[in-house]
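Q: As given, the protein sequences belong to chains A and B, one line each in that order.
Quick note: the first sequence, position 144, residue 157 per our numbering, numbers continuous.
Quick note: the second sequence, position 67, residue 80 per our numbering, numbers continuous.
For reference, the structure I am asking about is given below.
2 protein chains.
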Amino acid sequence: MIGFGDLLRLKRKEFGPLCLGIDPSETELNNWGLPDTANGAKDFGLRCIDAAEGRLGLIKPQVAFFERFGSSGYAALEEVLQAARDLDLLVIADAKRGDIGSTMLGYAQAWFGDDSPLRVNALTVSPFLGPESTLEMLDHARDVSAGLFLLAATSNSEAVALQTATSNNQSVAMTVLNAAITHGSNDLGVVIGATQSLKEFGLQQLVDTDLGVPILAPGFGAQGAKLADLAELFGASAPNVVPAMSRGLTGQGPQAMANLIDRAKLEL
Amino acid sequence: MIGFGDLLRLKRKEFGPLCLGIDPSETELNNWGLPDTANGAKDFGLRCIDAAEGRLGLIKPQVAFFERFGSSGYAALEEVLQAARDLDLLVIADAKRGDIGSTMLGYAQAWFGDDSPLRVNALTVSPFLGPESTLEMLDHARDVSAGLFLLAATSNSEAVALQTATSNNQSVAMTVLNAAITHGSNDLGVVIGATQSLKEFGLQQLVDTDLGVPILAPGFGAQGAKLADLAELFGASAPNVVPAMSRGLTGQGPQAMANLIDRAKLEL
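Given below as structure tokens:
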């Protein structure tokens with residue numbers, strides 16, 4: 014059976030690594046002249062998918078911006094996900110879920126259930142309850158050719174102290190990366206903010222060696238990182254990076270998106 | 014304006030500290046002879062609320078077990094939350110959300126928005142992106158007299174290495190507790206699994222001194238901790254503990270719940 018790593022490789026080959034972040038926040042909906050409602054979020058998502066069609070292989074909807082409308086927001090997300098499935102786009106749901114084993118099974122049923130309306134190709138997961146607490150979910154993801162991205166070094170400044178804390182001389186970020194190396198098979202990736210110094214987080218090994226671990230890297234565009242700097246930032250691991258960009262591609266309205274996507278792809 | 018800490022105190026005074034965990038997992042729905050559907054989860058939640066009425070002041074629905082049915086699961090959760098509001102039960106949504114600032118605003122709108130169908134009295138939050146990344150959300154919670162519980166020392170065994178990692182000679186768990194002490198006002202609590210040794214997590218200070226920080230403590234019942242041991246486990250901070258119990262109260266079916274709740278209250 015084909016795995017998430019294979020699907021990712023195929024999409025990269027056809028469209029390059031760029032991933033469109035779909036963030037229907039209040040600000041973005043206002044920018045686009047859309048109502049700040051579940052319907053507005055749905056229209057935002059569907060227009061993003063229109064722009065991605067034929068240009069990109071990957072999208073990353075931010076679940077928080079749908080959840081803010083409750084069940085109608087989830088219904089909107091489900092329509093956006095269905096549209097993405099119809100176009101064979103790979104979907105990384107950015108939900109940062111994380112809980113103890115029996116509860117993680119609930120999340121696995123949501124995001125990787127065979128008939129779940131929320132089924133996606135990959136999910137971002139928070140390893141605060143220990144990276145190993147996510148392994149049972151990984152099994153469920155694999156059953157549907159999907160994968161996980163564990164948060165390792167996030168793009169926000171408040172994250173540094175916690176994610177660089179050490180246990181047995183190893184940073185939290187490195188412990189997470191190690192779990193991905195040990196248990197993954199191109200389907201257990203990590204999230205590393207492109208705004209951070211990998212060395213500071215104890216992740217220099219990743220810069221020096223190609224470890225083959227998929228890396229989802231938010232922080233490009235509005236948060237400050239430049240696509241042109243990706244190779245320098247991630248060094249030997251640059252070929253495994255999926256750079257995610259949201260406002261940098263959507264912030265000038267729906268008409269500008271296609272051009273901004275084309276331009277961003279040229280920078281990579 | 015009355016704050017979450019005041020609401021919590023009033024409920025404790027009237028009903029004691031016990032909190033009923035509402036976990037409509039596949040296993041629990043099967044146990045109860047309910048269908049494993051959104052409607053089954055709704056019936057499970059509503060019957061839990063019936064049993065809580067007049068007996069308990071606090072409930073803790075586990076969002077994962079509603080999310081597994083997508084938007085219809087969220088619609089079921091919304092009905093359960095409305096029933097809880099109608100009975101003036103305090104609701105702690107166990108969702109363990111955590112993200113960077115702009116995204117946390119989305120979650121704040123979901124769980125603390127004035128007219129949000131998901132509005133609750135408190136939310137569990139994951140501090141993996143740094144405890145400070147949750148403070149803006151705390152402001153929004155306060156606007157509606159609500160609070161947050163930050164994960165500090167969770168009840169699962171895989172959590173120990175990460176949550177005991179140190180930075181400036183302080184464990185991750187203690188860093189989270191410190192953030193609650195510094196920024197809270199009886200409305201920023203912590204989650205500490207009753208199955209853990211507080212000393213091992215660097216939280217001995219909590220056992221020795223009453224710091225006034227609300228503590229949500231899962232792990233009672235099916236996970237192994239005993240209510241009768243609460244005082245010993247939390248020492249000086251025991252009066253601030255909200256013990257949460259799920260399967261221990263619901264696992265013998267709906268008819269047994271009221272009796273099990275009454276019996277559990279006697280142990281406290």
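All residues carry an ideal CB built from backbone N, CA and C; glycine is no exception.
Small disclaimer: the values here were computed from a predicted structure and weren't measured.
Does the segment 137-148 of chain B come close enough to the segment 165-181 of chain A that 3 or more CB-CB pairs lie under 8 Å?
A: Output reads yes: the segment 137-148 of chain B touches the segment 165-181 of chain A.
Q: Which residue spans inside the segment 168-218 of chain A form an unbroken beta strand (DSSP E) run of at least 3?
A: Counting only runs of 3 or more, we get 201-205.
Q: Between the segment 130-148 of chain B and chain A, which residues of the former have a C-beta closer than 8 Å to a C-beta of the latter?
A: Within the segment 130-148 of chain B, the residues whose Cβ lies closer than 8 Å to some Cβ of chain A are Pro130, Leu131, Ser139, Pro140, Phe141, Leu142, Gly143, Pro144, Glu145 and Ser146, listed in chain order.
Q: The segment 183-214 of chain A: which residues have C-beta closer than 9 Å to a C-beta of chain B, in chain order?
A: Those residues of the segment 183-214 of chain A that come within reach of chain B (Cβ to Cβ, closer than 9 Å) are Gln183, Ser184, Val185, Thr188, Val189 and Gly206.
Q: What are the start and end residues of the alpha helix (DSSP H) that includes Ala96 (chain A)?
A: Where Ala96 (chain A) is concerned, the enclosing alpha helix (DSSP H) stretches over Gly83 to Asp99.
Q: Tell me, please, which residues DSSP counts as bridged to Phe162 (chain A).
A: Phe162 (chain A) is bridged to A:Thr137 and A:Gly202.
Q: Give me the chain B residues within the contact set of Gly111 (chain A), using Cβ-Cβ distance strictly less than 7 Å, ordered along the chain.
A: The contacting residues are Lys109 and Ser139.
Q: Anything in chain B within Cβ reach of Thr179 (chain A), meaning under 9 Å, just list it in chain order.
A: By Cβ distance, chain B contributes Ala178, Thr179 and Ser180.
Q: Nearest CA to the CA of Ile62 (chain A): which residue from A:Leu100, A:Gln75 and A:Phe78?
A: That would be A:Leu100, whose Cα lies nearest to the Cα of Ile62 (chain A).
Q: Can you tell which of A:Leu31, A:Ala51, A:Gly34 and A:Leu240 has the C-alpha that lies nearest to the C-alpha of Pro130 (chain B)?
A: Closest by alpha carbon: A:Ala51.
Q: Are Ala154 (chain A) and Ala121 (chain A) close, meaning C-beta to C-beta below 9 Å?
A: Cβ distance < 9 Å, so Ala154 (chain A) and Ala121 (chain A) count as in contact.
Q: Measure from the alpha carbon of Leu118 (chain A) to the alpha carbon of each residue in B:Thr177, B:Gly29 and B:Asp36, then state which is nearest.
A: Considering only alpha carbons, the answer is B:Asp36.
Q: Go ahead and pull the three-state DSSP assignment for Val254 (chain B).
A: Looking at Val254 (chain B) - three-state DSSP - the assignment turns out to be strand.
Q: Find the residues of chain B that neighbour Phe78 (chain A), judging by a C-beta separation of less than 7 Å, and give them in chain order.
A: In chain order: Gly119.
Q: So Val93 (chain B) packs on Gly70 (chain B), CB below 8 Å; how close in whole Å?
A: Not a contact, Cβ separation roughly 16 Å.
Q: Report the three-state DSSP secondary structure of Lys73 (chain B) (helix, strand or coil).
A: If DSSP states are grouped into helix, strand and coil, Lys73 (chain B) belongs with the strands.
Q: Could one say the Cβ of Arg81 (chain A) lies closer than 9 Å to chain B's Cβ atoms, at least one of them?
A: Chain B, which has a Cβ nearer than 9 Å to the Cβ of Arg81 (chain A), makes this yes.
Q: Can you list the residues of chain B that Gln75 (chain A) reaches, using a CB-CB cut of under 9 Å?
A: The contacting residues are Asp112, Thr116 and Gly119.
Q: Rounded to whole angstroms, what's the CA-CA distance from Gly341 (chain A) to Tyr87 (chain A)? Just pull it up for me.
A: Residue 341 (chain A) cannot be examined here, being either before or after the span of chain A that is shown, 14 to 281.
Q: Between Met226 (chain B) and Gly197 (chain B), which are expected to be in contact by the criterion C-beta below 8 Å, what is the C-beta distance as a whole number of angstroms?
A: At residue 226 (chain B) the sequence reads Val, which differs from the Met that was named. The Cβ separation is near 6 Å, so the contact holds.
Q: Tell me, please, whether the CB atom of Asn43 (chain A) is closer than 9 Å to any CB atom in chain B?
A: For Asn43 (chain A), the answer is no, since every Cβ of chain B falls outside 9 Å of its Cβ.
Q: Hey, Leu90 (chain A) and Met258 (chain A) are a contact pair by Cβ (cut 8 Å); roughly how many whole angstroms apart?
A: Between Met258 (chain A) and Leu90 (chain A) the Cβ distance is about 20 Å, and since that is not below 8 Å, they are no contact.
Q: If you measure from the beta carbon of Thr167 (chain A) to each beta carbon in chain B, is any gap under 9 Å?
A: By this cut-off, Thr167 (chain A) is an interface position.
Q: What in chain B is Cβ-close to Ala88 (chain A), meaning under 7 Å?
A: Ordered by position in chain B, the residues that pass the 7 Å Cβ test against Ala88 (chain A) are Ser84.
Q: Taking a Cβ distance cut-off of 7 Å, strictly less, list which residues of the segment 154-166 of chain A are near chain B, in chain order.
A: Those residues of the segment 154-166 of chain A that come within reach of chain B (Cβ to Cβ, closer than 7 Å) are Leu164.
Q: What does the alpha-carbon distance come out to for the pair Leu47 (chain B) and Asp56 (chain B)?
A: Using only the alpha carbons, I get a separation of about 8 Å.
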